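Read in order, the letters of the sequence shown correspond to residues 1 to 329 in UniProt numbering.
Glycine is no exception: its CB is placed at the ideal position from the N, C-alpha and C atoms.
The structure presented is a predicted model; accordingly, all values stated were derived computationally and were not measured.
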Amino acid sequence: MKDVMKAYIYREAGGPEVIEVQQREAPAAGPGEVLIKTAAFGLNRADVQQRRGVYPPPPGASDIPGLEVSGTIAALGEGVTGWNLGDRVAALLAGGGYAQYVNVAQELLIRMPEDLSFTDAAALPEVAATVVSNLFLEGGLRQGQSLLVHGGAGGIGSMAIQLAKAAGATVYVTASSAEKLEYCARLGADAGINYKDEDILERVKELTSGRGVDLILDVVGAKYLQLNLKALAVGGRLVVIGLQQGAKAELNLGLLLAKRARIIGTTLRARPLPEKSEIIRETVRRVLPLLSAGKLELNVSKTYDFSELARAHEYFDSGAHTGKIVIKV
């Protein structure tokens, strides 16, 4: 008889009401994979976009949502080296995290520091890998440069502020309230812009003495395309990682050429394993020393039990959260 587990799926596109729990056959660890007994998983915007029907899983990925977990290794597949049963790990996934067990390639594991809780570890892989890949591997952020992060108070923004400051950058953020901007400032942001009350472009010009910023990390998409291009410095880079407010917009190519700017669009979930492996290695190199030194907050602001997943999605949809939401299994 096959082992069974509880897992969540979306029965159709929609709101939190489409989330339902099922009994599923537990996965097995294939060659080069480990099986993780899940202790906790993070809730990410990508999960919500998948639930809404606008971000389907890539070919071959599980229909079970969930892009990051923490837990212990319950089984080793053929050819796995350097890992043992019972090892405490976090993992980056293409799907399958909303379940009691998940299988993952050994290259996408992160060994948990001994003093890190499963709850905090579950908040690490997706946001850290996203930020490291887009700020440093794609965006080329260096010491002394300036960064503008849209949505600075969310999970991605919280991590981006801290890693950029650790790299010696100046960090500006946008957010929807004074409270969220205060939160960003506590994490190290040099200045904040309340996009509901302030003109973002004018404020960026003021903060940079008219020069503009070297790098923008954008989750908004089409609505901010022209604004972002105008806010870049000469030689600046715009990295678009989300389409919260549209996928299509007109582009002023003359301004792009005049600024010698670059627009970079990326996703993490559908990348091939070798690319993800490189990102995980760079994430471990940059992030774990900061964690060990007590210089990085994982910012888990809210936790829910496994049975409360729909409530967690409702809270995410409210827009009230800062930092990360984690579900304990």
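Residues bridged to residue i [DSSP beta-bridge criterion]
i: Gly246; result: Its beta-bridge partners do not exist; DSSP assigns none.
i: Ile264; result: Val239
i: Leu251; result: Answer is none; Leu251 lacks a bridge partner.
i: Tyr10; result: Ile19
i: Ser70; result: Ala40 and Ala90
Residue i classed as buried or exposed, judged by whether at least 16 other C-beta atoms fall within 10 angstroms
i: Ile327; result: buried
i: Leu93; result: buried
i: Met1; result: Only weak support is given to the placement of Met1: the predicted model assigns it a pLDDT of 45, under 50, and the value that follows is read from those uncertain coordinates. The residue in question, Met1, is exposed, as its Cβ has fewer than 16 Cβ neighbours within 10 Å.
i: Asp120; result: buried
i: Pro31; result: exposed
i: Asp305; result: exposed
i: residue 363; result: Absent from the structure is residue 363, since the part of the chain shown begins at 1 and ends at 329.
i: Ser307; result: exposed
i: Ala293; result: exposed
i: Val234; result: exposed
i: Ala178; result: exposed
Selection from the options that minimises the alpha carbon distance to residue i
i: Ile200; options: His313, Ala160, Ala175 and Ile19; result: Ala175
i: Thr170; options: Leu137, Glu182, Gly212 and Glu202; result: Gly212
i: Gly236; options: Leu141, Glu12, Lys324 and Phe306; result: Leu141
i: Asp317; options: Gln245, Met5, Pro16 and Leu217; result: Pro16
i: Tyr55; options: Lys248, Gln162 and Ala270; result: Ala270
i: Ile193; options: Leu243, Tyr183 and Val173; result: Val173
i: Leu217; options: Lys276, Arg286, Ser62 and Gly151; result: Gly151
i: Ala122; options: Gly97, Ser177 and Leu137; result: Gly97
i: Gly95; options: Leu108, Val89, Gln143 and Asn84; result: Leu108
i: Ile110; options: Ile279, Ala249 and Glu275; result: Ile279
i: Glu297; options: Ala222, Gly60, Val104 and Ser117; result: Ser117
i: Thr72; options: Val80, Met112 and Ala153; result: Met112
i: Gly42; options: Ala167, Thr303, Ala231 and Leu253; result: Thr303
8 Å CB neighbourhood of residue i in its chain, flanking five on each side removed
i: Asn44; result: Leu67, Glu68, Glu126, Val127 and Gly155
i: Leu256; result: Leu229 and Ile263
Any non-hydrogen atom of the ligand NAD closer than 7 Å to residue i Cβ
i: Pro27; result: Inclusion of the ligand NAD in the displayed structure is not the case, the ligand content being empty and no account of it being possible.
Cut-off 6 Å between Cβ atoms - residues of its own chain near residue i, not counting five sequence neighbours on either side
i: Arg51; result: Tyr10
i: Pro57; result: Gly95
Same chain, Cβ closer than 7 Å to residue i, five either side skipped, listed in chain order
i: Ala164; result: Leu135, Leu141, Leu147 and Val171
i: Val207; result: Here residue 207 turns out to be Leu, not Val, going by the sequence shown. Correct list, in chain order: Tyr172 and Ala191.
Inside the region 80-163 only - alpha helix (DSSP H) runs reaching at least 4 residues
List check, alpha helix (DSSP H) in window: 118-121 and 125-131.
My parser needs the alpha helix (DSSP H) runs of 4 or more residues fully inside the region 182-232; what are they?
Within the region 182-232, the complete alpha helix (DSSP H) runs of at least 4 residues are 200-207 and 225-231.
Give the list of continuous beta strand (DSSP E) stretches no shorter than 3 residues that lie fully inside the region 274-315.
The region 274-315 contains these whole beta strand (DSSP E) runs: 300-305.
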